[in-house]
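Written below as structure tokens is the structure these notes are about.
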Amino acid sequence: MLNAIQFRLRTMSENLPILFGIYPVFLSGITLAWLLCLQRCSWTIWGARVLACGSIIAFIFMAGPWAFTSYYLRYVFLVLFALTVVLSYFRIERSNPHFGICADRIPIASIFVFLLFAVLNALALKSYYPSGRTIDITFPLRSGTYYVLQGGGSIVTNPFHVLAGNKKAIDIVKLNPLGNQAENIPPRVLSAYQIFGEKLYSPCHGRILEVRDSLPDNPPGHPDTKHPEGNYIVLQCPMGNILMAHLKRESIMAGPGQIVTEGQQLAEIGNSGNTLEPHLHIEATKDGKPTWLRFNGLSLSVNSLITRK
Numbered sequence: 000m001l002n003a004i005q006f007r008l009r010t011m012s013e014n015l016p017i018l019f020g021i022y023p024v025f026l027s028g029i030t031l032a033w034l035l036c037l038q039r040c041s042w043t044i045w046g047a048r049v050l051a052c053g054s055i056i057a058f059i060f061m062a063g064p065w066a067f068t069s070y071y072l073r074y075v076f077l078v079l080f081a082l083t084v085v086l087s088y089f090r091i092e093r094s095n096p097h098f099g100i101c102a103d104r105i106p107i108a109s110i111f112v113f114l115l116f117a118v119l120n121a122l123a124l125k126s127y128y129p130s131g132r133t134i135d136i137t138f139p140l141r142s143g144t145y146y147v148l149q150g151g152g153s154i155v156t157n158p159f160h161v162l163a164g165n166k167k168a169i170d171i172v173k174l175n176p177l178g179n180q181a182e183n184i185p186p187r188v189l190s191a192y193q194i195f196g197e198k199l200y201s202p203c204h205g206r207i208l209e210v211r212d213s214l215p216d217n218p219p220g221h222p223d224t225k226h227p228e229g230n231y232i233v234l235q236c237p238m239g240n241i242l243m244a245h246l247k248r249e250s251i252m253a254g255p256g257q258i259v260t261e262g263q264q265l266a267e268i269g270n271s272g273n274t275l276e277p278h279l280h281i282e283a284t285k286d287g288k289p290t291w292l293r294f295n296g297l298s299l300s301v302n303s304l305i306t307r308k
């Protein structure tokens with residue numbers, strides 16, 4: 000019985016990247032189909048449906064995990080939505096001689112969907128504007144296009160960290176020229192991920208407080224739940240402490256007590272600890288309390304892009 004449960008959990012973990020990749024594309028497709036299926040209605044019903052569908056597309060654009068397919072695909076769905084609005088308008092106008100005449104029927108479903116996603120969109124937008132104490136550091140990766148997989152203080156933009164109790168943590172991956180983080184969905188080898196083995200640099204001038212460097216890099220989809228951070232560095236910066244986790248085994252180049260300079264190479268990105276795939280987990284604390292992070296003055300949330308040359 001226990002082996003069967005473990006097998007199911009392992010299978011679920013391996014398939015999560017597929018689900019994350021399908022979700023924004025599937026929901027976008029369903030939304031466009033819902034708008035196109037509208038027939039013989041009034042201005043009120045058509046307008047409400049357009050607003051409802053627009054709110055869904057806006058939410059997927061802002062908060063959908065696009066790195067599993069392509070970051071640039073979200074712009075394709077914006078264009079498709081605009082074309083679908085125009086097409087639905089002319090389809091209804093041609094098929095309904097009374098189009099534009101007000102009707103008594105209230106589009107309750109459309110209104111409900113619009114209000115629901117308006118709230119979710121507000122939460123997603125708010126995640127770009129953190130309130131309270133903030134630590135500003137240098138972005139610790141170089142040479143490429145990096146993508147925020149999770150970030151911001153909202154459950155809609157940072158769900159796993161919010162549920163784990165640290166909504167101010169950020170997960171970062173690297174994108175290839177096509178806008179995805181790996182060669183396929185899901186990759187079976189770590190080398191297929193763009194960020195695996197990427198060099199990590201010190202985001203400030205500071206002192207190393209803690210280091211762990213001995214844990215293995217897990218195969219994709221096989222997290223080590225006993226060691227959440229995996230291999231990690233805790234760096235004491237003048238403005239607070241920075242934790243950088245899920246590092247590659249035996250790649251850390253500094254030890255506890257060592258003084259490092261900003262931009263000094265510290266380690267490489269791996270897949271150690273409680274993680275399904277290679278990424279950089281970074282978070283900050285000040286006086287023992289989680290603190291918001293800015294990178295070179297920028298606040299990041301899900302779908303933020305950082306280009307470094």
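Numbering (numbering that gives the first Met the number 0), first residue to last: 0 to 308. Built from N, CA and C at the ideal position, the CB exists for glycine as well. Source: prediction; values computed, not measured.
- Task: In angstroms with no decimal places, state the Cα-to-Cα distance between residue 289 and residue 128.
- Result: Counting from one through the sequence shown, the residue named residue 289 turns up at place 290. Counting from one through the sequence shown, the residue named residue 128 turns up at place 129. For residue 289 and residue 128, the distance between alpha carbons rounds to 16 Å.
- Query: Closest to residue 44 by CA distance: which of 111, 79, 16, 214 is it?
  - Reply: Walking along the sequence shown from the start, residue 44 turns up at place 45. Nearest of 111, 79, 16, 214 to residue 44, Cα basis: 111.
- Query: Should residue 156 and residue 253 be called a contact, given that it needs their Cβ atoms to be closer than 7 Å?
  - Reply: Position 157 of the sequence shown, counted from the first residue, corresponds to residue 156. Position 254 of the sequence shown, counted from the first residue, corresponds to residue 253. The beta carbons of residue 156 and residue 253 sit no closer together than 7 Å.
- Query: By Cβ distance, which residues of its chain are closer than 8 Å to residue 203, with the 5 residues on each side in sequence left out?
  - Reply: Taking the first residue of the sequence shown as 1, we reach residue 203 at position 204. 136, 137, 234, 236, 237, 238, 241, 261.
- Query: Rounded to a whole number of angstroms, what is the C-alpha to C-alpha distance between residue 25 and residue 120?
  - Reply: Locating residue 25 in the sequence shown gives position 26, where the first residue counts as 1. Locating residue 120 in the sequence shown gives position 121, where the first residue counts as 1. Straight-line Cα distance between these residues: approximately 19 Å.
- Query: How should residue 189 be labelled, buried or exposed, when 16 other C-beta atoms within 10 angstroms of its C-beta is the threshold for buried?
  - Reply: The sequence position of residue 189 within the sequence shown is 190, counting from 1. Buried, by the Cβ-count rule.
- Item | Inside the stretch 154 to 242 only - beta strand (DSSP E) runs reaching at least 3 residues | Within the stretch 154 to 242, the complete beta strand (DSSP E) runs of at least 3 residues are 169 to 174, 198 to 200, 205 to 211, 230 to 236.
- Grab the span of the beta strand (DSSP E) containing residue 294 for me, first residue to last. Taking the first residue of the sequence shown as 1, we reach residue 294 at position 295. Note, residue 294: beta strand (DSSP E), 288 to 294.
- Task: Determine the extent of the beta strand (DSSP E) in which residue 253 is found, giving its start and end residues.
- Result: Numbered from 1 along the sequence shown, position 254 holds the residue referred to as residue 253. For residue 253, no beta strand (DSSP E) encloses it, and the DSSP letter there is neither H nor E.
- Starting from residue 285 and walking both ways along the beta strand (DSSP E), at which residues does that stretch end? Start at 1 with the first residue of the sequence shown, and residue 285 comes out as number 286. Looking at the DSSP string, the run of the beta strand (DSSP E) that includes residue 285 is 279 to 285.
- Task: With residue 50 as the anchor, note down where its alpha helix (DSSP H) starts and where it stops.
- Result: Here residue 50 refers to the residue found at position 51 of the sequence shown. For residue 50, the enclosing alpha helix (DSSP H) has its first and last residue at 42 to 62.
- What is the DSSP secondary structure of residue 260, counted as helix, strand or coil? In the sequence shown, counting from the first residue as 1, residue 260 sits at position 261. Three-state result, residue 260: coil.
- Near residue 65, which residues of its chain fall below 7 Å by C-beta distance, leaving aside the five closest residues on each side in sequence? As a first step, residue 65 is located in the sequence shown; it is residue number 66 there, counting from the start. Here the set comprises 23, 72, 73, 302.
- What number of angstroms, rounded off, separates the C-alpha of residue 163 from the C-alpha of residue 28? Start at 1 with the first residue of the sequence shown, and residue 163 comes out as number 164. Start at 1 with the first residue of the sequence shown, and residue 28 comes out as number 29. When rounded, the distance between both Cα atoms is 31 Å.
- Taking residue 334 as the reference, give the member of 69, 285, 307 with the closest Cα. This structure cannot speak to residue 334, because the chain is shown only from 0 to 308.
- Run through DSSP, which three-state label would residue 268 get? Numbered from 1 along the sequence shown, position 269 holds the residue referred to as residue 268. Assigned with DSSP and collapsed to three states, residue 268 falls in strand.
- Message: Using 8 Å for Cβ pairs, my map puts residue 220 next to residue 185. What's the rounded Cβ distance?
- Response: Within the sequence shown, residue 220 is the residue found at index 221, counting from 1. Within the sequence shown, residue 185 is the residue found at index 186, counting from 1. A Cβ-Cβ distance of about 6 Å is found for the pair residue 220 and residue 185, placing them in contact under the 8 Å criterion.
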